[in-house]
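Residue numbers (the UniProt record's numbering): 1 to 517. We put the CB at the ideal spot given by N, CA and C, even for glycine. Read through the structure below, which is laid out as structure tokens, and then see the notes.
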Amino acid sequence: HLGNIIKPTESNSVQTSTQVLVEIFKNPACVQLLMQLMMTDEDQSIRQISCIYLRSNLPKLWCNLDKQTQEDVKVALLDRFEQDPIPIVKKSIAGVIGSLCRILIPNKEWDQLFEFVMIHSQSDSIAAQELALLLLSVIIEYLQKDDIKTHFDNISLILQGSLKSGQSSIVDLGITCINNISKATSNVKVLKSIQQMLPDILSTLSEENEDRIQLVLDCLISLVEYKGLLTPQIVNIMEGVLKVCANTDYHLNTRTRGIVFFEFVPINNTKTLKKKKDLLNRIISTLMKIACEPEDEYPEDTITPNNYALYSIKAFGVYMHKPIIFPIIIKNINACIQSEVALERKAGIELLGYICDSDACLDPIKDHIDEITEVIVKCLYDESIEVKSTTAETVGMFSENVSEFLDKVEIVVPALVDSLKYLENADVPLQKALHALHTFINGADYAKTTKIMGDLIPILLTFLEQKPSNTIGVQKWTMEIISSIVIAADKEIEDYFDTLMGPCESIYKNTPIKESE
């Protein structure tokens, strides 16, 4: 029985079932069997699994079915889509319809599909309208760009009606359709029509309906990438999204969508932002405030609003004219660095690392390298372990990107080495600091490295001692630093030969083979 095969039991393993199904799905007769399960089986999971197999196999076997069977399948799919009582199964059936319309719509072999959508969308029944929009939202993902263009006049009427319906479920489905269309096509006519719907989309928003806010933000994120599409409404949109980002009562997913929207804003809207400097200042300061929020309430390994906010600020640094954006960003960084709150100092120094590459603000950073180095050194001596650790990462980024920074050996290395002793019981922060020191030493002038090695080597050797805090990672990065010093010092390293060889020999003999690399 096919139902038992597609839903394995203990006596019918997944592997055995898969092998049997591979053979069954080579035979066109399986289509009718799967259709029967989808239409009549009382078990919801069997109906849903049948849809999954139909979606992947029906298009492949379609040309092997006779004309009558093809017509029966098309009728049965629409009937069952309408009748199945379970929403998730309805959506799965819509996926089967979508996979089939990909091959039938271009050849005009399923006109009844759009007739079904049009008739149900114009019904007085809310349930019928929901059916039409649910099906439309799914099949749009399967249609070719030309097919969307061909049918868009009718689709547009349905969408405009949904936005003005006043029914929450209809509005939500209409916005979902618009979002899916904006991802599926770049046709100018279609996008122009969506642009005209923007006021209606925005008018559906309310502060209390957070689900709706998420849907609209998803839609805006899809649309903001098209040059000029949001321009007529962009200022109002940015003002609204800014409020969403700042509202800490909203769910993480809602705020994150708003922050990500701002990551795309500067790509195509620099002219508007130049004229709206007050708004630009508020955007950067709001994102900076978000970057300073506590992160403990979020699950581990979660990309928090703080991270997204820093990425978005960097995007402004990448795409906007540097003389306009850099003073705004550095003003916010300096305000954070001078704060009495450690989280704010941490966010400020972290952002400095984000913007120091050539895509962002490298040139203005080079122009102000003396002042910026003073800020970095100040943060290396900070009383907070978190600030020290984050600053060490920023040192690593500067060492990779800002060649002028590598000239500051005399003030950076002592400050970085000083921070190591405060991090010795924190494995990951210590490794990050050692990695930063390695990056710096590796790029610094050989003569300057040689000059400080007498003070540096004894401190580094303490991290090679056999004690619990000196993990394999700590020892590994310490050895990397020493290797860079050896290369820089050349023959002058001979004075330290005996001092270095003892710890190296000990590590070689005592490190377990599996960790010896």
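**OP:** Could you check if Asp-218 is buried or exposed, using at least 16 other CB atoms within 10 Å of its CB as the buried criterion?
**Re:** The Cβ neighbour count for Asp-218, taken over all protein chains shown within 10 Å, is at least 16; the residue is labelled buried.
Original post:
How is Asp-249 classed by DSSP in three states: helix, strand or coil?
Top reply: In this structure, Asp-249 counts as coil in the three-state DSSP scheme.
Original post:
What three-state label does DSSP hand Val-185 in the structure shown?
Top reply: The question names Val, but residue 185 is Thr in the sequence shown. In the three-state scheme derived from DSSP, where H, G and I count as helix and E and B as strand, Thr-185 is classed as coil.
Original post:
In angstroms, rounded to a whole number, what distance separates the CA positions of Gln-167 and Gln-122?
Top reply: Going by the C-alpha atoms only, they are around 14 Å apart.
Original post:
Starting from Thr-112 and walking both ways along the alpha helix (DSSP H), at which residues does that stretch end?
Top reply: The sequence given here has Gln at residue 112, not Thr. 111 to 121 is the span of the alpha helix (DSSP H), which, as asked, contains Gln-112.
Original post:
Distance, Cα to Cα, Gln-129 vs Ile-178?
Top reply: Taking the Cα positions, Gln-129 is about 16 Å away from Ile-178.
**OP:** Write down the C-beta distance between Leu-61 and Phe-116 rounded to the nearest angstrom, noting that I regard them as a contact closer than 8 Å.
**Re:** With a Cβ gap of about 23 Å, Leu-61 and Phe-116 do not count as contacting.
**OP:** Would you please state the rounded distance, in angstroms, between the beta carbons of Ile-259 and Ile-290? I believe it to be under 8 Å.
**Re:** Yes, Ile-259 and Ile-290 are in contact; Cβ-Cβ is about 7 Å, under 8 Å.
Original post:
The alpha helix (DSSP H) with residue 572 in it runs from where to where?
Top reply: Any question about residue 572 goes unanswered here, given that the chain covers just 1 to 517.
Subject >> Spatial distance of Gly-443 from Thr-449 (CA atoms) >> reply: As the crow flies, the alpha-carbon of Gly-443 is around 10 Å from that of Thr-449.
Original post:
Near Leu-460, which residues of its chain fall below 7 Å by C-beta distance, leaving aside the five closest residues on each side in sequence?
Top reply: Within its own chain, the residues whose Cβ lies closer than 7 Å to the Cβ of Leu-460, once the five positions on either side in sequence are excluded, are Thr-478, Ile-481 and Ile-482, listed in chain order.
Original post:
Could you give the uninterrupted runs of the alpha helix (DSSP H) lying entirely in the segment 52 to 132, keeping only those of 4 residues or more?
Top reply: Along the length of the segment 52 to 132, whole alpha helix (DSSP H) runs at least 4 residues long occupy 67 to 83, 87 to 104 and 111 to 121, reported in chain order.
Original post:
Hey, out of Tyr-381, Thr-231 and Val-75, whose CA is closest to Leu-100's CA?
Top reply: Taking only the C-alpha atoms, the option nearest Leu-100 is Val-75.
Original post:
Considering only the beta carbon of each residue, do Ala-342 and Ser-389 sit closer than 8 Å?
Top reply: In this structure, Ala-342 keeps its C-beta atom at 8 Å or more from the C-beta atom of Ser-389.
Original post:
Can you tell me the Cα-Cα spacing of Gln-214 and Thr-254, whole angstroms?
Top reply: Computed Cα separation, rounded: 6 Å.
Subject >> Secondary structure of Ile-355, DSSP reduced to three states >> reply: In the structure shown, Ile-355 falls within a coil segment according to DSSP collapsed to helix, strand and coil.
Original post:
Using the C-alpha atoms, what's the distance from Ile-369 back to Lys-331?
Top reply: Approximately 15 Å, taken between the alpha carbons.
Original post:
Ile-88: which of Pro-458, Thr-462, Val-375 and Ser-50 sits nearest, CA to CA?
Top reply: Measuring C-alpha to C-alpha distances from Ile-88 to each of Pro-458, Thr-462, Val-375 and Ser-50 identifies Ser-50 as the nearest.
Original post:
Taking the alpha helix (DSSP H) that Ala-315 falls in, what are its first and last residues?
Top reply: 305 to 319 is the span of the alpha helix (DSSP H), which, as asked, contains Ala-315.
**OP:** Would you decide whether residue 585 is buried or exposed? Buried here means 16 or more other CB atoms lie within 10 Å of its CB.
**Re:** Residue 585 cannot be examined here, being either before or after the span of the chain that is shown, 1 to 517.
**OP:** Measure the alpha-carbon distance for Val-244 versus Glu-404 and round it to whole angstroms.
**Re:** Straight across, the Cα-Cα distance linking Val-244 with Glu-404 is about 40 Å.
Original post:
From Gln-338 to Ile-234, what distance separates their C-alpha atoms?
Top reply: Taking the straight line joining both Cα atoms gives about 34 Å.
Original post:
From Asp-455, Val-412, Pro-458 and Ala-447, pick the residue whose C-alpha is nearest to that of Ala-436; which is it?
Top reply: Measuring from the Cα of Ala-436, the nearest candidate turns out to be Val-412.
Subject >> DSSP three-state assignment for Phe-25, whether helix, strand or coil >> reply: In the structure shown, Phe-25 sits in coil (DSSP, three-state: anything other than H, G, I, E or B).
Original post:
When the Cα atoms are used, what is the spatial distance from Asp-357 to Asn-401?
Top reply: Using only the alpha carbons, I get a separation of about 6 Å.
Subject >> Supposed close pair Ser-92, Gln-48 - CB separation, criterion 8 Å >> reply: Indeed they touch by this definition, with Cβ atoms about 5 Å apart.
Original post:
Considering only the beta carbon of each residue, do Ile-333 and Leu-352 sit closer than 8 Å?
Top reply: Cβ atoms of Ile-333 and Leu-352: closer than 8 Å.
Subject >> Same chain, Cβ closer than 7 Å to Ile-324, neighbours up to 5 away in sequence not counted >> reply: Lys-274.
Original post:
Between the C-alpha atoms of Ile-329 and Glu-344, what's the straight-line distance to the nearest angstrom?
Top reply: Taking the straight line joining both Cα atoms gives about 14 Å.
Original post:
Over what stretch of residues does the alpha helix (DSSP H) that includes Cys-504 continue unbroken?
Top reply: 497 to 510 is the extent of the alpha helix (DSSP H) around Cys-504.
Original post:
So which of Asp-367, Thr-304 and Glu-465 has the shortest CA-CA distance to Leu-287?
Top reply: Ranking the options by Cα distance to Leu-287, first place goes to Thr-304.
Original post:
Starting from Phe-326 and walking both ways along the alpha helix (DSSP H), at which residues does that stretch end?
Top reply: That run of the alpha helix (DSSP H) goes 322 to 337.
Original post:
Which whole-angstrom value describes the C-beta separation of Ile-457 and Tyr-496, a residue pair presumed to lie in contact below a C-beta threshold of 8 Å?
Top reply: Yes, they are in contact, since the Cβ atoms of Ile-457 and Tyr-496 sit about 6 Å apart, within 8 Å.
**OP:** Work out the CA separation of Tyr-298 and Tyr-250 for me, nearest whole Å.
**Re:** Their backbone Cα atoms lie some 14 Å apart in a straight line.
Subject >> Boundaries of the alpha helix (DSSP H) in which Tyr-446 is found, first to last residue >> reply: Residues 446 to 461.
Original post:
Which one of Asn-247, Pro-232, Ser-285 and Ala-246 has the shortest CA to CA distance from Lys-271?
Top reply: With distances taken between Cα atoms, Lys-271 lies closest to Pro-232.
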